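Just below is one structure, and these are the notes that go with it.
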Amino acid sequence: MQVSHISESAPGGVSDDCVVASERFVLVLDGATANGLATGCVHDVPWVVSRLAAQISGRLIADGEAPLADVLAEGIGAVCGLHADTCDLGNPDSPSSTVAMVRHRGAVVDYLVLCDSPIVIEATAGDVRLVRDDAMERLPGQSPEILRDVRNRPGGFWVASTEPEAAKHAVVGSIPAADVRRVAVMTDGVSRLFEWYGWSLGRLLGELADAGPAALVASVREAERRAPVGRFPGKRHDDATVALCTHFDPFGP
Numbered sequence: 131m132q133v134s135h136i137s138e139s140a141p142g143g144v145s146d147d148c149v150v151a152s153e154r155f156v157l158v159l160d161g162a163t164a165n166g167l168a169t170g171c172v173h174d175v176p177w178v179v180s181r182l183a184a185q186i187s188g189r190l191i192a193d194g195e196a197p198l199a200d201v202l203a204e205g206i207g208a209v210c211g212l213h214a215d216t217c218d219l220g221n222p223d224s225p226s227s228t229v230a231m232v233r234h235r236g237a238v239v240d241y242l243v244l245c246d247s248p249i250v251i252e253a254t255a256g257d258v259r260l261v262r263d264d265a266m267e268r269l270p271g272q273s274p275e276i277l278r279d280v281r282n283r284p285g286g287f288w289v290a291s292t293e294p295e296a297a298k299h300a301v302v303g304s305i306p307a308a309d310v311r312r313v314a315v316m317t318d319g320v321s322r323l324f325e326w327y328g329w330s331l332g333r334l335l336g337e338l339a340d341a342g343p344a345a346l347v348a349s350v351r352e353a354e355r356r357a358p359v360g361r362f363p364g365k366r367h368d369d370a371t372v373a374l375c376t377h378f379d380p381f382g383p
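Laid out in structure tokens, this is it:
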């Protein structure tokens, strides 16, 4: 598997995103914390995201056959162990992260999505599939108070934070490597192209493959600048991370 990627902070900001890639996997994280609410954690979001990325990627390297949900659960648990003595892990507003990963495992491609960092898969036959966790879209609202009441709770939404059980609620699957042409793994700072700005999945994959990840993020920034103020929910600018995976040789890693 070949991977090209970019991770860019929002203009003037510090990125809470992270991407880790190898010939066998790509891992994309998008960190978050509750605005204006006490988190109970002495660490910032990048600290949590970087530790989670290290724990997950280390396990993916050490065991190329473990179910991705198990890898995620163990990674969350390990990060909890790193700051259980200094932080209140029972606080529902503890720093958290979305997780999206793709693994090439011989004749199979595995994927996992937790929260709102989606994956787009193009088959060799030409059809394009969106893999997403849409739990947040079904919530009654997006205020910090609503989110804290339903975060990592049945009937709410699940995200990588202080509950390894969240991994059980990820969207997971496997497909034959011979059927996969290319895969895009991204944070919502890039998926806004088709969620907000009217791009098709095919257009996104085409520009990503033809012009590269940096050009795609440049298109995101242009769309953000052109959008009328207040037209869309959320931040006008966001961290933007995307990885393109190709060459899924069924006899490869």
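At the far end of the sequence shown sits residue 383, using our numbering, and the numbering has no gaps. For every residue, glycine included, the Cβ atom is placed at its ideal position computed from N, Cα and C. Nothing here was measured: the structure is a model prediction, and the numbers come from that model.
Reference residue i, options the options, closest by Cα
| i | options | result |
| --- | --- | --- |
| Val179 | Ala164, Val302 and Cys148 | Cys148 |
| Ala151 | Asp223, Thr371, Gly211 and Phe381 | Thr371 |
| Ala353 | Tyr327, Phe378 and Thr376 | Tyr327 |
| Val158 | Arg283, Ala208, Thr292 and Val243 | Val243 |
| Leu85 | Met266, Ile249, Ala196 and Cys171 | For the chain, the structure presents residues 131 to 383; residue 85 sits outside this window and is missing. |
| Glu153 | Arg233, Thr169 and Val175 | Arg233 |
| His367 | Ser137, Gly143, Ile136 and Val133 | Gly143 |
| Arg322 | Gly336, Arg351, Phe381 and Gln132 | Arg351 |
| Val258 | Asp200, Arg311 and Asp240 | Arg311 |
| Ala299 | Ala199, Met231, Glu138 and Ala192 | The sequence shown places His at residue 299, rather than the Ala named in the question. Of the candidates Ala199, Met231, Glu138 and Ala192, the one whose C-alpha sits nearest the C-alpha of His299 is Ala199. |
| Asp146 | Trp177, Ala307, Val238 and Phe378 | Trp177 |
| Val313 | Met231, Ala237, Ser291 and Gly161 | Met231 |
| Asp309 | Glu337, Cys217 and His377 | His377 |
| Leu346 | Leu334, Glu295 and Arg356 | Leu334 |
| Phe381 | Ser226, Pro358, Gly236 and Met131 | Gly236 |
| Ala164 | Ser226, Leu260, Val261 and Met131 | Ser226 |
| Gly194 | Asn221, Gly271, His173 and Tyr241 | Tyr241 |
| Ala214 | Ser291, Ala307 and Ile249 | Ser291 |
Same chain only: Cβ atoms within 8 Å of residue i, ignoring 5 sequence neighbours per side
| i | result |
| --- | --- |
| Lys365 | Ala140 |
| Glu325 | Asp318 |
| Leu269 | Ile276, Leu277, Val280, Gly286 and Phe287 |
| Arg189 | Ala196, Val201, Glu204 and Gly205 |
| Ala357 | Trp326, Tyr327 and Arg366 |
Boundaries (first-last residue) of the beta strand (DSSP E) holding residue i
| i | result |
| --- | --- |
| Glu138 | Gln132 to Glu138 |
| Leu242 | Val238 to Leu244 |
| Asp147 | Asp147 to Ala151 |
| Leu374 | Ala370 to Thr376 |
| Glu252 | Ile249 to Ala253 |
| Val301 | Val301 to Pro306 |
Residue interval of the alpha helix (DSSP H) (run including residue i)
| i | result |
| --- | --- |
| Ser226 | Where Ser226 is concerned, there is no enclosing alpha helix (DSSP H), although the beta strand (DSSP E) it sits in stretches over Ser226 to Arg235. |
| Arg262 | That residue, Arg262, is in no alpha helix (DSSP H); it is neither H nor E in DSSP. |
| Pro107 | Shown here, the chain extends from 131 to 383; a query on residue 107 therefore has no answer. |
| Phe155 | Per DSSP, Phe155 belongs to no alpha helix (DSSP H); it is in the beta strand (DSSP E), Phe155 to Ala162. |
| Leu323 | Asp318 to Glu325 |
| Ser187 | Val175 to Ala192 |
| Cys210 | Leu198 to His213 |
| Ala345 | Pro343 to Arg356 |
Close-in-space but distant-in-sequence residues of the same chain around residue i (CB under 7 Å, 5 per side omitted)
| i | result |
| --- | --- |
| Leu167 | Asp223, Pro274 and Arg278 |
| Gln185 | Gly205, Ala208 and Val209 |
| Asp246 | Thr228, Asp263, Met266 and Asp318 |
| Ala344 | Ile136 |
| Arg181 | Val209 and Leu212 |
| Ala183 | Cys148, Val150, Leu157 and Leu159 |
Cut-off 6 Å between Cβ atoms - residues of its own chain near residue i, not counting five sequence neighbours on either side
| i | result |
| --- | --- |
| Ala265 | Phe287 |
| Glu293 | Asn282 |
| Thr216 | Val172 |
Presumed contact (8 Å Cβ cut-off) between residue i and residue j, rounded CB distance
| i | j | result |
| --- | --- | --- |
| Asp263 | Val301 | 5 Å |
| Val239 | Ile305 | 5 Å |
| Leu374 | Ser134 | 5 Å |
| Glu138 | Asp369 | 7 Å |
| Leu331 | Leu260 | 6 Å |
| Ile249 | Val315 | 5 Å |
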